[in-house]
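Residue numbers (this note's numbering), protein chains in the order written: chain A, 1 to 340; chain B, 1001 to 1340. Structure first, then comments.
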DNA sequence: CTGAAAGCGCTTACAG
DNA sequence: CTGAAAGCGCTTACAG
């Protein structure tokens, strides 16, 4: 049996204080970096030594209770395992630094982040909350009191702190690119969740297509969750109607979906790009090695994460905020590959 | 400015108690489901009503402090955004149910989970800890006291609760498959981190290759992190030596790496599988649509996650543990596709 | 069945 | 510069 050794007594501030010959208050001040001009150098050194010797770590629960807030930042997202999210997480971590601890939470399976998720997470008293691609009515029932930044939530700018991509340039590039290749009708595979960003991707593409004399087939909706097999099945089901409508290109709302489109085309015996062109959104790493390599509207995940974290830090501590906003450009660009 | 409305006073058990006309203790008992035979049905109902009216949620920090443990289960992993991990997370969540809240934490960028990470996370007083692919000396300096299950940590079975894949069958299948295709020398692209699972993959493959009269080129090591471009670069650098040694196949320790191998082969003008065969581990969804589609040792991520969570629940509450262990088979199998 | 009270381990005015 | 003490919001014996 893999029994752990008997739990050694948790080291408390009281134990550190006793060892250092100071009060608990002094320990607290020192370990929280508030000793400046309040604690003698000698006592501070004694505390630090005792901390090191005993391996003391401030109890997060007690600290959060006393201060009213922890140093946890929670990132709530609908589709954590999506490779796209890796970049976002990295960007958030880089910007957050070591003062806050980033914890990730996946929304209830397959669903979008909602107010209930936030309520549950709020009981942890997080220092801040980052929510990616929230549902449309996310803000309506939201428990407030925790600094909150939404990512990828177009349309909610007026009601919350939001960090969005500038999708327009990339979508415009994609439309122009397809028009130049002679396409006139485009099938569209949408995401299954009603995230505002999906809505926007579709509408922007519809408009851009129209500007270039093309038609986007998005009615009736063809939708799929992020699962490749599901996307492939949805595509196979839609293919006859799309072909009949004259579609020579298929755009998917995300690369994970576009991978399913590629699989479906292979299964249907359609050559890409000769019989049908395919493109996606995100520009995932794997999209460089698909058969054929995938044209995609590249979304800079790390920049999004960094901008969101920057924004959140400003909400948490308005005074300490870095002077320059400078979150870097969040403009989408088009990566052209063999699939178009 | 996206100012949030003034924070409404946090609802406390005291407020619920006052509204329900009971004591705080009664509220606690009811919301924690410990009312059975201790609280009159009437009072319980009054509490529940007050809870609903006020939207009360137990304060996690205070609860954790009082009980000594929260209901958070932390999953610590080196490479959260790896699509392979999505399945694992899903499996864990399914098995964990709604009683515990799963939070994910990425190990210090690019590194493996270590004792320091655990110490930091332990201050949250998690109910349990799940650690994926820990470093080799992970257990040496580990703060104990929290139920802990390791996933994908071969070799540590004797010293901790561990849930591992049975890699041997899949590796044997891969070796036999390659031998049947006439390969005699195999290049190996290893993972950059010294995770025990990577070590094991390589050693098992080396042994299986030998059994089938093949040689695995793993000395000197060729290694790469999970980034596709990095894996491609490592492959390009190693290719001349591999080719010179007569390698006609390349196996990568993970599909994310194998995708880089595919990219490198394309860049080097090598046809897959005619000039060189390629295979990986994990069987990621995208591996079904790569150019060419990728042969891979399939690792059932959801089964791993479910087994780990099952094991952890048993450690947290040995009495409540489900009678049947039955975590499902964790045997690796080979998915053969066009790349070999 | 119920509630008063101690205690979880901190942080932060406050008094010195 | 320092420490005693109140308080954060729960949970849990304990006494009734």
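For glycine and all other residues, C-beta sits at the position ideal for the given N, C-alpha and C. Since the model is a prediction, treat every value here as computed from it, not as a measurement.
A buried status is given to residue 1226 (chain B), since no fewer than 16 other beta-carbon atoms sit within 10 Å of its beta-carbon. Using beta-carbon distances, residue 59 (chain A) counts as an interface residue toward chain B, with a partner under 8 Å.
Take the alpha-carbon of residue 160 (chain A) and the one of residue 150 (chain A): they are about 7 Å apart.
The C-beta of residue 119 (chain A) comes closer than 8 Å to at least one C-beta of chain B. The beta-carbon distance between residue 218 (chain A) and residue 206 (chain A), rounded to whole angstroms, is 6 Å. This is short enough to meet the 8 Å contact definition. With the criterion set as a beta carbon lying under 9 Å from some beta carbon of chain A, the members of the stretch 1125–1146 of chain B are 1125, 1142, 1143, 1144, 1145, 1146, in sequence order. Using a C-beta cut-off of 8 Å, the stretch 1131–1149 of chain B makes no contact with the stretch 1176–1184 of chain B, since fewer than three inter-stretch Cβ pairs fall below that distance.
With respect to chain B, the C-beta atom of residue 86 (chain A) has a partner C-beta closer than 8 Å. In the three-state scheme derived from DSSP, where H, G and I count as helix and E and B as strand, residue 93 (chain A) is classed as helix.
Exposure of residue 37 (chain A) is indicated by the presence of fewer than 16 other C-beta atoms within 10 angstroms of its C-beta. When the beta-carbon positions are compared, residue 1216 (chain B) and residue 1186 (chain B) come within less than 8 Å of each other.
Distance from the CA of residue 127 (chain A) to the CA of residue 314 (chain A), rounded to the nearest whole angstrom, comes to 12 Å. Against residue 289 (chain A), the close residues of chain B are 1259, 1262, 1263, 1290, 1291, in the order they occur along the chain (beta-carbon pairs closer than 7 Å). For the pair residue 1012 (chain B) and residue 1047 (chain B), the CB atoms are not nearer than the 8 Å cut-off. The shortest CA-to-CA distance from residue 1335 (chain B) to any of B:1278, B:1067, B:1083, B:1145 is the one to B:1278.
Under a 10 Å Cβ-count criterion, residue 1090 (chain B) is classified as buried, with 16 or more other Cβ atoms of the shown protein chains found around its own Cβ. In this structure residue 223 (chain A) is buried. Its beta-carbon is surrounded by 16 or more other beta-carbon atoms within 10 angstroms. In this chain, the beta strand (DSSP E) harbouring residue 188 (chain A) covers 185–191. Residue 1282 (chain B): not part of any alpha helix (DSSP H); member of the beta strand (DSSP E) spanning 1277–1282, first to last residue. Contact with chain A is absent for residue 1250 (chain B), since none of that chain's Cβ atoms lies less than 8 Å from the residue's Cβ.
Not one beta carbon of chain A lies nearer than 8 Å to the beta carbon of residue 1339 (chain B). A Cβ-Cβ distance of about 6 Å is found for the pair residue 294 (chain A) and residue 337 (chain A), placing them in contact under the 8 Å criterion.
In this structure the stretch 1057–1068 of chain B does not lie against the stretch 1076–1087 of chain B, because fewer than three pairs of beta carbons, one per stretch, are closer than 8 Å. Short of 6 Å from the beta carbon of residue 1088 (chain B), and not among the five residues preceding or following it, lie these beta carbons of its own chain, in chain order: 1301, 1304, 1305. Between residue 135 (chain A) and residue 113 (chain A), the C-beta gap is smaller than 8 Å, which places the two residues in contact.
In the same chain as residue 1308 (chain B), and ignoring 5 residues on each side of it, the C-beta atoms closer than 6 Å to its own belong to 1130, 1149, 1151, 1163, in chain order. About 7 Å separates the beta carbon of residue 1054 (chain B) from that of residue 1019 (chain B), a gap short enough to meet the 8 Å contact definition. In this structure, residue 339 (chain A) lies near residue 272 (chain A), with their beta-carbon atoms less than 8 Å apart. The three-state secondary structure of residue 140 (chain A), taken from DSSP, is coil.
Against chain B, the CB of residue 10 (chain A) has a partner CB under 8 Å away; the residue lies at that interface. By the 16-neighbour rule on beta-carbons within 10 angstroms, residue 66 (chain A) is exposed. CA-to-CA, the gap between residue 177 (chain A) and residue 1195 (chain B) works out to about 44 Å. Counting only residues of its own chain and dropping the five nearest sequence neighbours on each side, residue 296 (chain A) has a CB closer than 8 Å to the CB of 255, 258, 279, 280, 281, 282, 283, 284, 287, 334, 335, 337.
Neighbours of residue 1313 (chain B) in chain A, taken as residues at a C-beta separation under 8 Å, are lacking, since the least C-beta distance is about 15 Å. Of all alpha-carbon atoms in B:1246, B:1101, B:1244, B:1204, the one lying nearest the alpha-carbon of residue 1169 (chain B) is that of B:1204. Interface with chain B (8 Å Cβ-Cβ cutoff): residue 112 (chain A) is excluded.
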